[in-house]
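Note that the protein sequences, when read in sequence, are chains G and U. The opening residue of the first sequence carries number 32 in the working numbering; numbering runs sequentially from there. The opening residue of the second sequence carries number 787 in the working numbering; numbering runs sequentially from there. Beta carbons: idealized from backbone N, C-alpha and C, even for Gly.
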Amino acid sequence: QSALTQPASVSGSPGQSITISCTGTSSDVGGYNYVSWYQQHPGKAPTLIIYDVSKRPSGVSNRLSGSKSGNTASLTISGLQAEDETDYYCTSFTTSNTYVFGTGTKVTVL
Amino acid sequence: EVHLVESGGGLVQPGGSLRLSCAASGFTFSSYDMHWVRQSTGKGLEWVSGIGTAGDPYYPGSVKGRFTISRENARNSFYLQMNSLRAGDTAVYYCARETGGAFDMWGQGTMVTVSS
């Protein structure tokens, strides 16, 4: 099972919106709505920010939103803030009854 | 408060074995699938194994046959037995709780170093 493909880096200015893509196949992203996103600060464990493609856990900012089209899921961060500068990962359930993570994206706030 | 605490990491020689533990608290452990996820230094996250509420295990091809996941509901704990360890298994290993296909709670991680 190959890792889902994410851009290595995405950047934006404060207040702008950015989108991180997560591309898989019909055996994972395209086949299930079990796509989730995680934020990870350096030296810390990941935290869940989006589940079931587009749902936000309690306490997660509504500036974060998720979507999916075909084999590609996306995470959009609106009103970019300095605190958003860190790493983001997607993951998906697969037909093999396993999970696969994305390659990870580093977000930089200019 | 939901809490996951890993233990058992350390330095092991190539070909050696190590057993990781994850102690859970603050929720009904037996009702959740549980997972191990690892991260090599400076690299991305990699799903390592999962175990269902009935004890059914699942693994990616990269560790199948070498790693064994198990759980002990009476102790609110689950484990990862790692055999035939390789340098490529060096990583921080996180335990995580799954809710509906997402990993909603994570431990702080335990470091495993495979080196001679």
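Evaluate residue i with the Cβ neighbour count: other Cβ atoms within 10 Å of its Cβ, from every protein chain shown; 16 or more gives buried, anything less gives exposed.
i	result
G:Pro77	buried
U:Arg861	exposed
U:Ala873	exposed
U:Met891	buried
U:Arg805	exposed
Over the uninterrupted beta strand (DSSP E) stretch that includes residue i, give me the two end residues.
i	result
U:Glu792	789 to 793
U:Glu858	853 to 858
U:Thr814	Segment: none, U:Thr814 is in no beta strand (DSSP E) and carries neither H nor E.
U:Ser902	Segment: none, U:Ser902 is in no beta strand (DSSP E) and carries neither H nor E.
U:Ala888	888 to 892
G:Ser67	66 to 71
Identify which residue in the options has its Cα closest to the Cα of residue i.
i	options	result
U:Gln867	U:Gly812, U:Gly887, U:Thr814, U:Cys808	U:Cys808
U:Lys829	G:Val140, G:Thr136, G:Gln47	G:Thr136
G:Gly62	G:Tyr119, G:Asp118, G:Ala104	G:Ala104
U:Glu792	U:Tyr880, U:Leu871, U:Val900	U:Tyr880
U:Val900	U:Tyr844, U:Ser870, U:Ala882	U:Ser870
U:Ala888	G:Leu79, G:Ser89, G:Gly110	G:Leu79
U:Arg883	U:Tyr818, U:Val798, U:Leu797, U:Glu787	U:Tyr818
Name the DSSP beta bridge partners of residue i, please?
i	result
U:Gln825	U:Leu831, U:Val878
G:Leu35	G:Gly133
G:Ala104	G:Cys53, G:Lys99
G:Val138	G:Val41
G:Ser58	None, per the DSSP bridge assignment.
Go through its chain and collect everything with a Cβ distance to residue i's Cβ below 7 Å, but skip five positions before and after it.
i	result
G:Gln32	Thr125, Ser127, Thr129, Val131
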